[in-house]
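Q:
Residue numbers (mature numbering (1 follows the signal peptide of the UniProt record, and there is no 0)): -28 to -1, 1 to 897.
This is how it looks when you write it as structure tokens:
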């Protein structure tokens, strides 16, 4: 035999508890480990797709919104007992346990696609705490916990889903994170008491003895999330432990006890530091075991899971993501897709909790329970016993599945969206009728909606990010909040915190082809909001500017008249061209027959590449009337340009393709006009003339050299990482460089020349080397230079280094490649060139501007020669994107630049003369 000594107790193991010598045939009829896989009785690999029943047998404060004053269950129970007494407290907990998980819950999980359930157990439902045992060292068994588990197993078996038992609260508590194990720091923990260890071992043996021959038991998860420092002075949650000897010893002892009575089921183990520190715990000691890890709030890339894959490969045992969740739908989809790609099973957390959108079910927080929460948090008049009891008992009624709010968006994200980028309706949206802004389609970010903040990655980034700033209605990366709008048509919610470029898509069934008035319900503080509506990718209205309603919860209507919609099912997209407005709903009201309204152009934009301009009109075009280009004209930068072809978009007959006779670029100003009586709609109406319709550029942005390029403004990043910088101006820098890593930026060079180059770098200890390459539009190498990077003494100790790079006129790519690491990069800057033709070097200067920061208007004092040939005044973002340009200069010494259409932020104003550039930074408040 082998003896392990720990404190006052000797744990005696029979020669590896006979478990090491189990053969696969011993447990083949059960779910079991086979090499690196979990397989069923027929040897087929099983990817566990599970749900954890958190909050049922073990309450955690955040699930009941008590975590700020009572986090572990013993504190929650004490707060309740203080209000209603022991008898009523017992009645509350009996109802809680009876209602939290029922057969209907398990039926639902199975119907949604889950094949397993993880049961977080509190030991005190199965046995007494050591301090309450009548005879020290003996174990009093409590039937309640076993009976609850029996019922759960029966429901799981009926639905043919596996049940994995998880000791979530071990005797004494297994970690300093008190809430997850009901740890009481005034009593000895699991690790400080041999009696608690013995009780843990005995409990697992009792459970294994009871369920040894149950085929729908999926396995035994021995201890949830150990988080304890065995080394004095180390991280208290065990994250620094290098050997974890006590944890391995206890696992082996539990395994030995289980194998005395159950040689059939998988043993799941977890590392220290909330399951992920496996130092010293492996190699495996049993042939039917698996390693579980947990994953929260980090990136969903291969690097985030590679440590688990390595455990599997190096130890020839399965790995299982035993717990994850508590994030957005986007994070759920990406995390599960990552697990499936690596053939790793998973269990989500939890099924339901109070007042939360992140779970499949939300337990409604009744008003009287909220009164109790306010009393516990803030004090005041103590609620009566009857009031408090009724509030608590109502909460237990709200636990029942029929009283919860089902979050179909969560389930859709966890299953359908993992393998599909298609969108499906969230609601039955019909026209005529009301479409609520919050009822956008079910689907991924970028397909059902587009939002800039879609998940919380705080473990990776170091800062929390809200994906739904209103934390209401849905768990997608769209900000939804309860509205104060008293309009009878409101559904009680609005979209808020909107930003430029965000959009929402709705599947809509239009009952009849007609012109409709669209009543938009919105609220905004200022006049900057601008929206676009499109159907099946085609604009149906001119871009709409929303007038101030007086506040973000001061609601107003704006009517969009005579919007043409055709019968059928369509995808309606609501796009925030300029963010800042809250939106409640769109109401579609029948207005006129289509042939009763004028046929006119709505909007024009370029194709993403090439020479094509799209013109969107408000009706379907009769294709035969576009046989010639007669009547259409175009200008580029105010100069007429030929048109080589005009044709109808076959897929979208409300859009006309106009092909220009010259290449166009993202910095061009393009307009189109039409003057003829030729083009007709399918209803026979004639297209109205239009002049100088502005064409929105969809061409990829290029930095116009000379300019400053922030390192984080790349279009391609191979191998580097972003981090916040302390350098002047703030923002982010790139770092974690390795040989061969590179960044790419689109650039436009006006003239051949040799351009002075600056790079802002920081280097801790080893000098590096950085190469700049100019690539043609086809990717051919045109020019290159290298700059040596000196040691600056720190990763945030910044220095500007210089060099020169010959650049060839035209559009292409700037590739910045790491030749020798390791250093950080904040920005690059190209100055005016020595023009190869021999003309004078372009000089740099500063513009005098005021006020700075500015609000509605920026005053710019022009230098001499401001009206010479080739003059232009432009405003760019710090990323180099042009946001204002080509405004004609007045004859005044001081120019006044309107800023009303610019969101708050940092900008660069630039005056380009023939041989000089003047610029300055300014802030829009």
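Just so you know, even glycine gets a beta-carbon here, dropped at the ideal spot from N, CA and C. Note that the structure is a prediction, hence the values are computed from the model and not measured.
May I have the straight-line CA-CA distance separating residue 173 from residue 229, to the nearest angstrom?
A: One C-alpha to the other measures close to 7 Å.
Q: Sorted by chain position, which residues of the same chain lie with C-beta nearer than 6 Å to residue 357's C-beta, five sequence neighbours on each side aside?
A: Once the five neighbours on either side are set aside, the close Cβ partners of residue 357 are 56.
Q: Do residue 376 and residue 424 have their CB atoms nearer than 7 Å?
A: Cβ atoms of residue 376 and residue 424: not closer than 7 Å.
Q: Does residue 454 come out as helix, strand or coil in the three-state DSSP assignment?
A: Strand at residue 454.
Q: Check residue 321 in the structure and name its three-state DSSP category.
A: Of the three classes helix, strand and coil, the one that applies to residue 321 here is strand, per DSSP.
Q: Out of 242, 738, 819, state which residue places its alpha-carbon closest to the alpha-carbon of residue 833.
A: Ranking the options by Cα distance to residue 833, first place goes to 819.
Q: Determine the burial state of residue 411: buried for a count of at least 16 other Cβ atoms within 10 Å of its Cβ, exposed for fewer.
A: Residue 411 is buried by the Cβ-count criterion.
Q: Say whether the region 92 to 99 touches the region 129 to 140, bearing in mind that this needs 3 or more beta-carbon pairs closer than 8 Å, one atom from each stretch.
A: Touching, yes.
Q: Using DSSP bridges, identify the partner residues of residue 608.
A: In DSSP, residue 608 forms a bridge with 611, 642.
Q: If you drop the 5 nearest sequence neighbours on each side, which residues of the same chain put their C-beta closer than 8 Å to that of residue 266?
A: Cβ neighbours of residue 266 beyond the five flanking positions: 197, 242, 246, 247, 248, 293, 294, 295, 296.
Q: Going by DSSP in three states, residue 692 sits in which element: helix, strand or coil?
A: Coil at residue 692, not helix or strand.
Q: Considering only C-alpha positions, which residue in the set 538, 311, 523 is nearest to residue 19?
A: Minimum Cα distance to residue 19 is reached at 311.
Q: Can residue 713 and residue 740 be called in contact, C-beta distance under 7 Å?
A: No, these two residues do not count as a Cβ contact at 7 Å.
Q: Going by C-alpha distance, which of 13, 409, 728, 392 is nearest residue 400?
A: Measuring from the Cα of residue 400, the nearest candidate turns out to be 409.
Q: Over the uninterrupted alpha helix (DSSP H) stretch that includes residue 70, give me the two end residues.
A: Counting along the chain, the alpha helix (DSSP H) containing residue 70 begins and ends at 45 to 72.
Q: Taking 7 Å as the cut-off, decide whether the C-beta atoms of residue 597 and residue 650 are in contact.
A: Yes, the pair counts as a contact, with Cβ atoms nearer than the cut-off.
Q: Using DSSP with H/G/I as helix, E/B as strand and the rest coil, what is residue 809?
A: For residue 809, the pLDDT reaches just 43, beneath the cut-off of 50, and the residue's location in the model is therefore unreliable, leaving the point undetermined.
Q: Between the region 22 to 30 and the region 205 to 220, are three or more C-beta pairs nearer than 8 Å?
A: No: fewer than three Cβ pairs fall under 8 Å.
Q: Can you name the start and end residues of the beta strand (DSSP E) that residue 800 belongs to?
A: 796 to 802 is the extent of the beta strand (DSSP E) around residue 800.
Q: Measuring alpha carbon to alpha carbon, tell me which of 480, 606, 472 ends up nearest residue 405.
A: Checked all of 480, 606, 472; the closest Cα to residue 405 is 480.
Q: Assign residue 810 to one of two classes, buried (16 or more other C-beta atoms within 10 Å of its C-beta) or exposed (fewer than that).
A: Confidence is the limiting factor: at residue 810 the pLDDT is only 37, short of 50, which leaves the residue's position unreliable and the question unanswerable from this model.
Q: Please determine, among 350, 635, 656, the residue with the shortest C-alpha to C-alpha distance to residue 40.
A: Comparing Cα positions, the closest option is 350.
Q: Please return the same chain residues whose Cβ sits closer than 8 Å to the Cβ of residue 366, not counting the five positions on each side in sequence.
A: Excluding residues within five positions, the ones whose Cβ falls inside 8 Å are 338, 340, 341.
Q: Going by CA-CA distance only, name the one from 188, 74, 70, 635 that's closest to residue 12.
A: The shortest C-alpha separation from residue 12 is found at 188.
Q: Looking at the secondary structure, which residues open and close the beta strand (DSSP E) in which residue 591 lies?
A: From DSSP, residue 591 is part of no beta strand (DSSP E); its letter is neither H nor E.
Q: What are the boundary residues of the alpha helix (DSSP H) that residue 304 is part of?
A: First-last of the alpha helix (DSSP H) with residue 304: 301 to 313.
Q: Name the residue from 433, 252, 527 whose alpha carbon lies nearest to the alpha carbon of residue 464.
A: The candidate whose alpha carbon is nearest that of residue 464 is 527.
Q: May I have the straight-line CA-CA distance separating residue 59 from residue 697, to the nearest angstrom?
A: Cα-Cα distance, rounded: 58 Å.
Q: Can you tell me the Cα-Cα spacing of residue -14 and residue 181, whole angstroms?
A: Summary for residue -14: the model assigns pLDDT 35, below 50, so the residue's position carries little reliability, and this model does not support an answer.
Q: Starting from residue 379, trace the beta strand (DSSP E) in both directions and tell me its first and last residue.
A: Note, residue 379: premise wrong, no beta strand (DSSP E); not H, not E.
Q: Beta carbon of residue 475, beta carbon of residue 441: below 7 Å?
A: In this structure, residue 441 does not lie closer than 7 Å to residue 475 by Cβ.
Q: Can you tell me whether DSSP reads residue 714 as helix, strand or coil?
A: Three-state DSSP puts residue 714 in a strand.
Q: Alpha carbon to alpha carbon, how far is residue 682 from residue 773? Give it in angstroms, no decimals.
A: Their backbone Cα atoms lie some 15 Å apart in a straight line.
Q: I need the DSSP call for residue 482, collapsed to helix, strand or coil.
A: In this structure, residue 482 counts as strand in the three-state DSSP scheme.
Q: Do three or more CB pairs link the region 262 to 282 to the region 415 to 435 at distances below 8 Å?
A: Segments in contact, yes.
Q: If you run the structure through DSSP and keep just helix, strand and coil, what is residue 218?
A: Residue state, collapsed to three classes: helix.
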